[in-house]
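These protein sequence lines are chains A and C, in that order.
So the first sequence is numbered by our numbering: it starts at 9 and just counts up by one.
So the second sequence is numbered by our numbering: it starts at 373 and just counts up by one.
C-beta atoms are modelled at their ideal positions from N, C-alpha and C, and glycine is treated no differently.
None of these values were measured; they are calculated from a predicted model.
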Amino acid sequence: AQSVTQLGSHVSVSEGALVLLRCNYSSSVPPYLFWYVQYPNQGLQLLLKYTTGATLVKGINGFEAEFKKSETSFHLTKPSAHMSDAAEYFCAVSPYTGTASKLTFGTGTRLQVTL
Amino acid sequence: NAGVMQNPRHLVRRRGQEARLRCSPMKGHSHVYWYRQLPEEGLKFMVYLQKENIIDESGMPKERFSAEFPKEGPSILRIQQVVRGDSAAYFCASSPPFGEAFFGQGTRLTVV
Chain A
9 AQSVTQLGSH VSVSEGALVL LRCNYSSSVP PYLFWYVQYP NQGLQLLLKY
59 TTGATLVKGI NGFEAEFKKS ETSFHLTKPS AHMSDAAEYF CAVSPYTGTA
109 SKLTFGTGTR LQVTL
Chain C
373 NAGVMQNPRH LVRRRGQEAR LRCSPMKGHS HVYWYRQLPE EGLKFMVYLQ
423 KENIIDESGM PKERFSAEFP KEGPSILRIQ QVVRGDSAAY FCASSPPFGE
473 AFFGQGTRLT VV
């Protein structure tokens with residue numbers, strides 16, 4: 009069984025500040041981990057994913073995430089927030105790499121970026 | 373190459389009516405997945421289909437819900453005798469075998 013916990017349903021940062029969105033997972037098999045972004049009334053867009061190999065994963069729009077097995081975490085970061093980053097972010101886990109089969113999503117974190 | 377196309381984008385149904393949601397996968401994608409997003413919740417897996425086959429429907433409610441992906445045409449998620457609790461956003465994703473999945477923009481179903 010797999011589960012995902014996203015700490016903080018709402019996060020607010022100032023433009024230019026560090027973005028940190030937390031994700032912890034539980035998985036009985038080696039997990040494949042994903043971060044998706046959802047803009048209002050849009051579908052989900054893949055930001056980045058971890059399958060195997062390097063634990064620091066770089067994604068689109070300047071985001072990156074680090075897989076820490078000992079902490080069962082996959083936190084999403086961006087050094088400097090931009091107004092266009094305001095959206096909802098979902099962490100997800102799957103036992104299968106590369107596919108959307110049986111992704112288990114967290115409840116999401118809504119990121120607000122203020123001037 | 374067009375993305376995953378879902379229609380309609382918004383659907384309003386009265387209680388007891390049927391809802392049909394369509395998903396056209398990206399060209400070359402033979403795998404389709406349906407997810408449901410209830411208000412203030414994350415997406416929940418419903419069903420995984422390949423052409424003419426249901427691979428995994430472990431997330432589908434036992435009654436009133438069905439899905440198909442025929443040899444020709446879009447995948448259809450059908451909800452019979454809708455109830456208010458069915459109001460949600462329904463997302464479809466498609467992928468090639470063992471490839472990256474892409475999500476559609478979703479269909480927002482409102483049951484009145």
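Cβ-based neighbour list, A:V65, same chain, cut-off 8 Å, excluding 5 preceding and 5 following: L56, K57, Y58, E72, A73, E74, F75
Give the residues from the region 409-424 of chain C that approach chain A closer than 7 Å (Cβ to any Cβ), ordered along the chain. E413, G414, L415, F417, Y420
Range covered by the beta strand (DSSP E) that runs through A:C99: 95-102
For A:F98, go through chain C and note every residue whose CB falls closer than 9 Å to its CB, in chain order. G414, L415
Taking the Cβ atom as the reference point for each residue, do C:S459 and C:V483 lie within a distance shorter than 8 Å? yes
At the 8 Å Cβ level, is A:L29 part of the contact set with chain C, yes or no? no
Could you tell me whether any Cβ in chain C is nearer than 8 Å to the Cβ of A:Q50? yes
Short of 7 Å Cβ to Cβ, which residues in the region 438-470 of chain C face chain A? F463, A465, S467, F470
Hey, A:S20 and A:T122: beta-carbon distance below 8 Å or not? yes
Alpha carbon to alpha carbon, what distance is there between C:R480 and C:Y462? 6 Å
Beta-carbon neighbours of C:G476, restricted to chain A and to distances below 7 Å: G51
If you follow the beta strand (DSSP E) that A:L15 is in, where does it begin and where does it stop? Run containing A:L15: none; DSSP gives neither H nor E here.
Can you confirm whether the region 409-423 of chain C touches the region 389-399 of chain C when touching is taken to mean that 3 or more C-beta pairs between the two stretches lie within less than 8 Å? no
Thinking C:L449 and C:A439 are a contact (beta carbons under 8 Å), I'd like their distance in whole angstroms, please. 5 Å
Indicate whether the contact test is met: 3 or more Cβ pairs, each with one atom in the region 33-41 of chain A and one in the region 88-95 of chain A, closer than 8 Å. no
Segment limits, beta strand (DSSP E) that includes C:I426: 425-428
Note down, in chain order, each residue of its chain lying with its Cβ closer than 8 Å to the Cβ of A:L26, except the 5 sequence neighbours on either side. T85, K86, P87, S88, A89
What did DSSP end up calling A:S92 once you bin it into helix, strand or coil? helix
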